[in-house]
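Contents: one structure, followed by commentary.
Chains as they are written, first to last, in our numbering: chain F, 1281 to 1578; chain A, 2 to 472.
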């Protein structure tokens, strides 16, 4: 821990080699205790709402209003989950969400890799102008374009279809920007060496550039997943008819409305809806952290 | 299921969508301020239905929940099997705000329902989209009699003497209290407070004995108390004679309401909770847990709360229901209605519009309204419904329902007690709530808060009217 050493040496004249070593060790221990205390408090702050959600989803109906609120579900009501699943038709909604989200994530990765690579490695006229245009799309809020998008997908006959749900989100300025920056980190020498070895752009991209940009690609995947999964306005307006292809977020709101007096069941539905998010975060945690810290230490 | 209320973030989205709806009209900013009501009635295409061959399938966007949804389905099934000309399919939406958002989006791509249930505060903005057939046109065309309806329930959806929509799910605020808590505090458990002043005294006594009052921060408190004192909330007869342009509540009466509420909250005798989000039912749940001895909420919640309280888990609660405590019992005012009405979009095929009118007459007939009242807790909007065995039985079993009906049936029937129509209604309510909160938690005096509320409402209304056309 370089920080500890720095603190140790900042304490004026050294009393002696032995004493200073003990002091440094004590300092280090103090620092560890401090760090873990802060981390524990932070973890509690973050985990507590989730914990309360899970606990409340397992309570009996009458316990929700109890004062003080119960901190443990003494008689866990697992059937709240089956009630939420069945009454809320969560199976149908989750399927819709998964199909839409999978299509959006896969397509965004492909389009962002291709476009990001082109902006980083290819030379073509108006490259920078086009890149700025891509960036500019980040500044247009979705609320501005959704009416136009809605007319477009309706005239294509995609209203209330998976295509209509996913197509407006298959490419993003953010993804292109993120991956272009990641590709720019790859040394030019490496590209030249690969070219000398007979690699074309396609092989260099798939065998060298993409593997090297993996943390950023994984991060983009997770962000795209979160954004698509949590969408509300678009699935709301782009579906309809007598059996709307609603996603789980809309289904959840319907469940909350239906169970206004059974908050435990509504919370069970909420837990079911966030499980896929947790799974994705756990799987990609390493990549996410690596992408956040990439470039921080040279 | 309950009286509509403001929802924080949803309000912003709604503001956007109402803007979209308004701009979709393509009004140039130089056109004069359009009239509040529909410019022309439009024809009710009754003949289209009589000419139609096979059954006409229509959709109804509604956002009823639980028992209410079941009852609506029941009434609809009865309609579908009563005749073979029209078949109605209910399409459940996730709440009033979502319904409206989806409707305004549908204006751009034609994905519209044949009937839509909209909450009360949306009436003016709905008319401003010019996408609805005023039901007045069908009332005239079919010689439909409305004399059996409760006057204020009809008036609520009327602008400039034109019936824009039919009332369907009508409710109003009532007083909920725990008789056992009243007893403990030395109050008569069979004599709930009848005025705001009495309510404040009772809250104080309850607090001294460990409970107090739960006060939901509902922005329609001000409107309701004004109506009980027969005072207008906005100008032009609450927006019904001509379009609303200004607020009119910064008066001695308005000041009394704000001063009383401020005292109730600042003294700690009442504890507030927001009207939306996770804690929107805290005032009612608090009756169950014993935290509160009384509260005010929509009559539409009565069924649910009675059901929850009768589960046997609340031995310390005996629910009592009283009329909404009026501002001053010597002034002949009345309680304004709330709830939701049914609208017919005019951009769907003529035959669908006629079919929708057919169905509307069914859901508002004597027996349907009786079934509806018994299954949901909404108020039967026909006087004849109250004479049915269904409603008589309901009132014997739970007299609380009769309280809600009576306070809508009795009292003055005029502009002040019919509620207001305002384009940016949800924003106006947000303005009032903001001022109330600055008074409760900030240091704003009731007088200053009231002035702030009035000027904020004026600005909100002016901005809406300006977007609609120069004022």
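For glycine and all other residues, C-beta sits at the position ideal for the given N, C-alpha and C.
Coarse secondary structure for residue i, derived from DSSP in three states
i	result
residue 1423 of chain F	helix
residue 291 of chain A	coil
residue 346 of chain A	strand
residue 170 of chain A	strand
residue 413 of chain A	coil
residue 383 of chain A	strand
residue 364 of chain A	helix
residue 1337 of chain F	helix
residue 1542 of chain F	coil
residue 401 of chain A	helix
residue 339 of chain A	strand
residue 164 of chain A	strand
residue 1463 of chain F	helix
residue 1399 of chain F	helix
residue 406 of chain A	helix
residue 441 of chain A	helix
residue 1579 of chain F	Coverage of chain F is limited to positions 1281 through 1578, which leaves residue 1579 of chain F absent and any answer about it impossible.
residue 1351 of chain F	coil
residue 1505 of chain F	helix
residue 31 of chain A	Note that residue 31 of chain A scores a pLDDT of 47, beneath 50, so its modelled location is shaky; the value from the coordinates is reported in the next line. If DSSP states are grouped into helix, strand and coil, residue 31 of chain A belongs with coil.
residue 221 of chain A	coil
residue 394 of chain A	helix
residue 465 of chain A	helix
residue 1432 of chain F	helix
Backbone CA spacing between residue i and residue j [nearest angstrom]
i	j	result
residue 331 of chain A	residue 230 of chain A	9 Å
residue 1384 of chain F	residue 97 of chain A	29 Å
residue 436 of chain A	residue 272 of chain A	17 Å
residue 1339 of chain F	residue 1512 of chain F	28 Å
residue 202 of chain A	residue 160 of chain A	39 Å
residue 1349 of chain F	residue 1362 of chain F	24 Å
residue 116 of chain A	residue 365 of chain A	14 Å
residue 197 of chain A	residue 204 of chain A	10 Å
residue 349 of chain A	residue 417 of chain A	35 Å
residue 276 of chain A	residue 1454 of chain F	37 Å
residue 1324 of chain F	residue 1335 of chain F	15 Å
residue 1520 of chain F	residue 255 of chain A	44 Å
residue 67 of chain A	residue 1538 of chain F	5 Å
residue 261 of chain A	residue 440 of chain A	12 Å
residue 1376 of chain F	residue 1509 of chain F	10 Å
residue 1390 of chain F	residue 1476 of chain F	26 Å
residue 1566 of chain F	residue 89 of chain A	53 Å
residue 1480 of chain F	residue 1430 of chain F	40 Å
residue 57 of chain A	residue 77 of chain A	14 Å
residue 462 of chain A	residue 385 of chain A	39 Å
residue 1447 of chain F	residue 368 of chain A	48 Å
residue 1427 of chain F	residue 222 of chain A	36 Å
residue 257 of chain A	residue 207 of chain A	23 Å
residue 50 of chain A	residue 1435 of chain F	29 Å
residue 318 of chain A	residue 1421 of chain F	51 Å
residue 249 of chain A	residue 290 of chain A	39 Å
residue 341 of chain A	residue 1398 of chain F	55 Å
residue 1408 of chain F	residue 1444 of chain F	31 Å
residue 393 of chain A	residue 373 of chain A	13 Å
residue 180 of chain A	residue 191 of chain A	7 Å
residue 476 of chain A	residue 104 of chain A	No statement about residue 476 of chain A is possible, as the shown extent of chain A runs from 2 to 472 and does not include it.
Bridge partner(s) assigned by DSSP for residue i
i	result
residue 88 of chain A	A:58
residue 179 of chain A	A:320
residue 214 of chain A	A:271 and A:295
residue 327 of chain A	A:196
residue 48 of chain A	For residue 48 of chain A, which the question treats as bridged, DSSP gives no partner whatsoever.
residue 159 of chain A	A:164
residue 150 of chain A	A:383
Contact list for the segment 62-79 of chain A against chain C, Cβ threshold 8 Å
Among the protein chains in the structure shown, which are F and A, there is no chain C.
Complete runs of the beta strand (DSSP E) confined to the segment 226-302 of chain A [at least 3 residues]
List check, beta strand (DSSP E) in window: 271-274 and 295-299.
Please determine if the segment 379-386 of chain A and the segment 164-181 of chain A are in contact, where contact requires at least 3 C-beta pairs separated by less than 8 Å.
A contact exists between the segment 379-386 of chain A and the segment 164-181 of chain A.
Should the segment 287-301 of chain A be regarded as contacting the segment 145-165 of chain A, the criterion being three or more beta carbon pairs within less than 8 Å?
Output reads no: the segment 145-165 of chain A does not touch the segment 287-301 of chain A.
Uninterrupted alpha helix (DSSP H) stretches inside the segment 64-140 of chain A (no shorter than 4 residues):
Listed in chain order, they are 67-83, 97-110 and 124-129.
Three CB pairs or more closer than 8 Å across the segment 132-140 of chain A and the segment 176-194 of chain A
Taking 8 Å as the limit for Cβ pairs, the verdict is that the segment 176-194 of chain A does not touch the segment 132-140 of chain A.
Three or more C-beta pairs closer than 8 Å, one from the segment 1515-1531 of chain F and one from the segment 1366-1380 of chain F: is that the case here?
Touching, yes.
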